[in-house]
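Asker: Right, I'll just put the structure down here and ask away after.
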Amino acid sequence: MRHRIHHRKLNRTSEHRRALLRNMACNMIEHGRITTTLPKAKALQPYFERIVTLAVKVRRFSAQDDRAGALRMRRRLHQMLGDRAIIPADHRDDYAMMSDAHRRKTLRMVSGRRYRTGDPKGRLAFTAESVMHRLIEHIAPRYEDRPGGYTRL
682 MRHRIHHRKL NRTSEHRRAL LRNMACNMIE HGRITTTLPK AKALQPYFER
732 IVTLAVKVRR FSAQDDRAGA LRMRRRLHQM LGDRAIIPAD HRDDYAMMSD
782 AHRRKTLRMV SGRRYRTGDP KGRLAFTAES VMHRLIEHIA PRYEDRPGGY
832 TRL
């Protein structure tokens, strides 16, 4: 009997499992769908549902001008997802031709401003979009009126 067992172990350590779910969720946000094994998909589904629910709450708190609530939800999202950059498909060739130092610099400046000085950035062919930005601005609005059930296997 599996009473009070709330997640699947997937034959991995807890750190490995957490990283696996985080990476699969980021890929789901980036690509819209992923192909994986059925046990991994079943483990990802409640994790991803929680992430989308938090993103919807961020939008709801922002609409009510509750900055503390929105910040709390954003921090929780950052804890669950991290905030890696997404390279748009039409700029992947430009990104592939960059040197490693230029890539790191490009990915570090997600906000559109230079680090520390706040000056607008120049010399970059594109801006990388963050996973959290895409989740909150593009995915969450689709599900604001739905009380759950955002994914299907």
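Numbering (our numbering), first residue to last: 682 to 834.
Ideal Cβ placement from N, Cα and C applies to all residues, glycine included.
(1) Shortest alpha-carbon distance to arginine 740 belongs to which of Thr694, Glu825, Arg731 and Ala770?
(2) Considering only the alpha carbon of each residue, which of Gly750, Pro828 and Arg699 lies closest to methionine 761?
(3) Go to aspartate 775, then tell me how far its alpha helix (DSSP H) extends in each direction, as first and last residue.
(4) Would you call leucine 702 buried or exposed, if buried means 16 or more other Cβ atoms sit within 10 Å of its Cβ?
(5) For threonine 734, report the span of its alpha helix (DSSP H) as first-last.
(6) Glutamate 810 bridges to which residues according to DSSP?
(7) Whole angstroms are fine: how far does the CA of arginine 755 sit from the CA of isoleucine 817?
(8) At a cut-off of 7 angstroms, would you count alanine 782 as near the ligand SAM, judging by its Cβ distance to the nearest heavy atom?
(9) Closest to proline 769 by C-alpha separation, out of Gly830, Glu711, Met682 and His697, would be which residue?
(10) What residue from Arg757, Val812 and Gln726 has the CA that sits closest to lysine 738's CA?
(11) Between the beta-carbon of serine 811 and the beta-carbon of aspartate 764, is there less than 8 angstroms?
(12) Under three-state DSSP, which class holds arginine 685?
Answerer: Here's the rundown:
(1) On the sequence shown, residue 740 is found 59 positions in, with the first residue counted as 1. The option with the nearest alpha carbon to arginine 740 is Glu825.
(2) Taking the first residue of the sequence shown as 1, we reach residue 761 at position 80. That would be Arg699, whose Cα lies nearest to the Cα of methionine 761.
(3) Taking the first residue of the sequence shown as 1, we reach residue 775 at position 94. Bounds of the alpha helix (DSSP H) holding aspartate 775 are 773 to 778.
(4) Mapped onto the sequence shown, residue 702 falls at position 21. Buried: at least 16 other Cβ atoms inside 10 Å.
(5) On the sequence shown, residue 734 is found 53 positions in, with the first residue counted as 1. Segment 719 to 744, the alpha helix (DSSP H) holding threonine 734.
(6) Start at 1 with the first residue of the sequence shown, and residue 810 comes out as number 129. DSSP output for glutamate 810 lists Ile767 as bridge partner(s).
(7) Taking the first residue of the sequence shown as 1, we reach residue 817 at position 136. Taking the first residue of the sequence shown as 1, we reach residue 755 at position 74. Computed Cα separation, rounded: 9 angstroms.
(8) Within the structure as shown, the ligand SAM is missing, as the structure has no ligands at all.
(9) Position 88 of the sequence shown, counted from the first residue, corresponds to residue 769. Comparing Cα-Cα distances from proline 769 to each of Gly830, Glu711, Met682 and His697, the minimum goes to Glu711.
(10) As a first step, residue 738 is located in the sequence shown; it is residue number 57 there, counting from the start. Closest option to lysine 738, Cα to Cα, is Arg757.
(11) Here residue 811 refers to the residue found at position 130 of the sequence shown. Here residue 764 refers to the residue found at position 83 of the sequence shown. In this structure, aspartate 764 lies closer than 8 angstroms to serine 811 by Cβ.
(12) Looking up residue 685 in the sequence shown gives position 4. Three-state result, arginine 685: coil.
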